[in-house]
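Its first residue numbered 10, the sequence shown is counted upward by one per residue in the working numbering. Ideal placement from N, C-alpha and C gives every residue a C-beta, glycine not left out. The structure displayed is predicted, hence computed values, not measured ones. Quick notes on the structure that follows.
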Amino acid sequence: MLIDVLSMILRAAELVFAAIVAGVNGQYLRMNSNASDWDLARFIYTEVVAGLAMLLALIWLFPFSGSFVHWPVDLFISICWFAAFGVLVNYLDGSCGRVFSWIDVTLRGDNLCGRFKAVIAFSFLSAICWLVSAIIGFMWVRDHENRRYRRRTWHRSRV
């Protein structure tokens, strides 16, 4: 029961974080639509990861026992988020200050550095949530497989 509630909270957080990243990143892509696709590749990648994460988080939001067996996909999405975080941090390259200095993080306004750091921050938080979901799913599957396949020895049979 507790794992179901925790799973639902994590899925809701994954959905919200991905929506924030998709919205802020999409606004940046719209503002820079005249640039070449190659220059915007890291932002397009982040947008694709955010869209995929929103879709999967929405599908698996409600706690069914089947939602725990998808832990390899959770791990894959977590790796994708960490990659998005890495390419965005690489793009920042110190031009907006330190990466983990999130004092000026903002979702609105004209502060481009603040919005960019918001995308980085929520990408990192999303990666952590997906990783925790993968760990919980792996532990749940391992625990249920151990319960299912315990067999009694033949001499203790009740037949």
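Exercise. If we count Cβ pairs, one from each stretch, closer than 8 Å, do we get three or more for the region 10-26 versus the region 105-117?
Worked result: no
For this session: Between the Cα of Y37 and those of A143, F133 and L121, spot the shortest distance and give me the residue it belongs to.
Result: Ranking the options by Cα distance to Y37, first place goes to L121.
Exercise. Mind checking whether L24 and L70 have CB atoms under 8 Å apart?
Worked result: yes
Exercise. Can you give the Cα-Cα distance for R20 and S42, rounded to whole angstroms?
Worked result: 32 Å
For this session: Note down the Cα distance separating C89 from R151, rounded to an integer number of angstroms.
Result: 24 Å
Exercise. Measuring CB to CB, does I129 end up less than 8 Å from F94?
Worked result: yes
For this session: Check whether the Cβ atoms of A27 and A50 lie closer than 8 Å to each other.
Result: For the 8 Å CB-CB criterion, A27 and A50 do not form a contact.
Exercise. What does a CB cutoff of less than 7 Å around C105 pick up in its chain, not counting 5 residues either side in sequence?
Worked result: Counting only Cβ-Cβ distances below 7 Å, and skipping sequence neighbours, we find C122, F125 and K126.
For this session: Compute the beta-carbon to beta-carbon distance between I86 and W139, rounded to the nearest angstrom, for a pair I have assumed lies under 8 Å.
Result: Contact check for I86 and W139: beta-carbon distance about 5 Å, within the 8 Å limit, so the pair qualifies.
Problem set entry | Spatial distance of D83 from A143 (CA atoms) | Spanning the two alpha carbons is a distance of roughly 5 Å.
For this session: Let me know if G146 comes out buried or exposed under the rule of 16 or more other beta-carbons within 10 Å of its beta-carbon.
Result: buried
For this session: Write down every uninterrupted run of the alpha helix (DSSP H) in the region 58-128 whose length is 4 residues or greater and which is fully enclosed by it, in chain order.
Result: 80-101
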